[in-house]
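Numbering (my numbering), first residue to last: 193 to 697. Here the structure is laid out as structure tokens; the discussion comes afterwards.
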């Protein structure tokens, strides 16, 4: 909890924990900021569980928040977090992003992870600005503090790795741990450089580390899904929830429920998107029908912009690809069952695309007081992901040669190109990196300059998000291979071109 005092006080006493009726022993430390305000950061017994530097006996620790740390904290909340989730706009009825600040201030490793990512992001921007202005790097006292935060972040990574290796069941503080793991994933994905020299600090990023941590996040979520849902007040099964249920009405009172729903959506989203570049089946595939149902509180369009049904189909195609590759490798590929599954997925995608079109026509012909904007960012992103799912399916089934022979597929690609050419600049582009990659793999020569421009320009190009710079070279390799083999290339062949798997964010 954050306390602001008008004067310095240094003491130790027992304080009343808000809302839980329990007392927590806390060592309070005084600290004056440059404005003369004392700010003390408490990690209470409940939130301290298994945090770095603490004992497992329940002792709590307090950390003074210096001005430099509050600057980084606000940079994370105002800049970095929106950059991670550009389509996440929580309503006032859910307390906005208040749950995030609460989680940060109650989970020490998450706090350090957020500050570390914030420090790296801000430091990178300062370095770019410095180079542009004077052609050399000037290490200021503030920048040195960023380096210290990165050292703390490295320690947080070590501690999280230790917890993950020992998790057998969903831990009590699983929301905080899962949030910390997600931050590590973003850091490792954004900065795909084995060894980084940041302000004189050598920071190592293990190749493939994001896959290790994503696997840990899916394991935590999978193992504790039902129990954790019950713990935050979502006791009924997720597929039975609706927006008008009593549970939904109570959710505005529960920060833990909002946190759980957000993290569940993020982990499910990252799990699905990762499969496009790794060629593997989603690890949470067995939970999609419940956790991502149309009436579930976990609605991905509120987090990353795409409707649940379209993301589910991408996950199904990824699972289909893995099944095909393994079946052929082990000589037990069954064409009949594979074909039935393909037809079912194709029908679902076509049905969804038709519903989207009809909804747009109906809304366009209705009065000016229509409740839904047919061209809202969520509608555009869902449309692009739906079209990408169709393209992904056909290439997985038949390889890139299908682009030349299937007129329906060419029509789908044509619609996608039209949408991309007419989209306004803004946050929406940050939400379509995955479909952009899928469309890029199948694009014809006449549209390749469009993709070269997209991946070489803002907002996709970002000096703080290094992994996106590797996408265009990979597309160039795929185009070259398609040209050399006359499109006799499978989706699996395209995956082999990537030395380092990319999470398409």
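Every residue, glycine too, gets a C-beta built ideally from N, C-alpha and C. Predicted model, so just to flag it, every value in this text is computed and none were measured.
- Judged by DSSP in its simplified three-state form, residue 299 adopts coil rather than helix or strand.
- In terms of Cβ geometry, residue 689 and residue 625 do not form a close pair [threshold 8 Å].
- A distance of 8 Å or more separates the beta carbons of residue 297 and residue 268.
- Sequence-distant Cβ neighbours of residue 302 in its own chain, meaning closer than 7 Å and more than five residues away, are 295, 296, 368, 371, 372 and 375.
- A direct Cα-to-Cα measurement between residue 451 and residue 675 gives close to 47 Å.
- In the DSSP annotation of this structure, the continuous segment of the alpha helix (DSSP H) that includes residue 590 starts and ends at 569-590.
- The beta carbon of residue 405 lies closer than 6 Å to those of 373, 376 and 377 in the same chain, with the five residues before and after it left out.
- The continuous alpha helix (DSSP H) containing residue 614 extends over residues 599-614.
- Taking 8 Å as the cut-off, the beta carbon of residue 583 is found closer than this to the beta carbon of residue 604.
- Assigned with DSSP and collapsed to three states, residue 525 falls in coil, not helix or strand.
- Around residue 544, the same chain offers 501, 502 and 578 as residues with beta carbons nearer than 7 Å, after the five sequence neighbours per side are excluded.
- The C-alpha of residue 548 lies about 8 Å from the C-alpha of residue 575.
- The straight-line gap separating the alpha-carbon atoms of residue 682 and residue 594 is approximately 10 Å.
- Per DSSP, reduced to three states, the secondary structure at residue 537 is helical.
- Taking a C-beta distance under 8 Å as the contact criterion, residue 663 and residue 630 do not qualify as a contact pair.
- Under the DSSP assignment, residue 696 falls outside any alpha helix (DSSP H); it carries neither an H nor an E label.
- At the C-beta level, residue 585 and residue 657 stay beyond 8 Å of one another.
- Residue 460 and residue 484 do touch by the CB rule: their CB atoms are close to 6 Å apart, below 8 Å.
- Residue 472 carries a coil assignment under DSSP once its states are collapsed to helix, strand and coil.
- In this structure residue 456 does not touch residue 509 by the C-beta definition: roughly 22 Å separates them, more than the 8 Å allowed.
- Scanning 644, 634 and 380 for the CA closest to the CA of residue 680 turns up 634.
- Residue 679 carries a coil assignment under DSSP once its states are collapsed to helix, strand and coil.
- Assignment of residue 548 by DSSP, reduced to helix, strand and coil, places it in the helix class.
- Judged by DSSP secondary structure, residue 484 falls outside any alpha helix (DSSP H); it is assigned neither H nor E.
- At the C-beta level, residue 307 and residue 265 come within 8 Å of one another.
- Nearest to residue 533 by C-alpha distance, out of 520, 515 and 499, is 515.
- Excluding residues up to 5 positions away in sequence, 506, 608, 626, 627, 630 and 631 lie with their Cβ nearer than 8 Å to the Cβ of residue 580 in the same chain.
- In this structure, residue 480 keeps its C-beta atom at 8 Å or more from the C-beta atom of residue 495.
- In the structure shown, the three-state DSSP call for residue 656 is coil.
- At the C-beta level, residue 476 and residue 546 stay beyond 8 Å of one another.
- When rounded, the separation of the alpha-carbon atoms in residue 478 and residue 468 is 18 Å.
- Per DSSP, the unbroken alpha helix (DSSP H) holding residue 640 starts and ends at 640-647.
- The beta carbons of residue 655 and residue 621 sit no closer together than 8 Å.
- Rounded to the nearest whole angstrom, the C-alpha separation of residue 412 and residue 285 is 29 Å.
- Taking the C-beta atoms as reference points, residue 573 is found no nearer than 8 Å to residue 615.
- The beta carbon of residue 644 sits closer than 8 Å to those of 664, all from its chain and outside the five residues before and after it, given in chain order.
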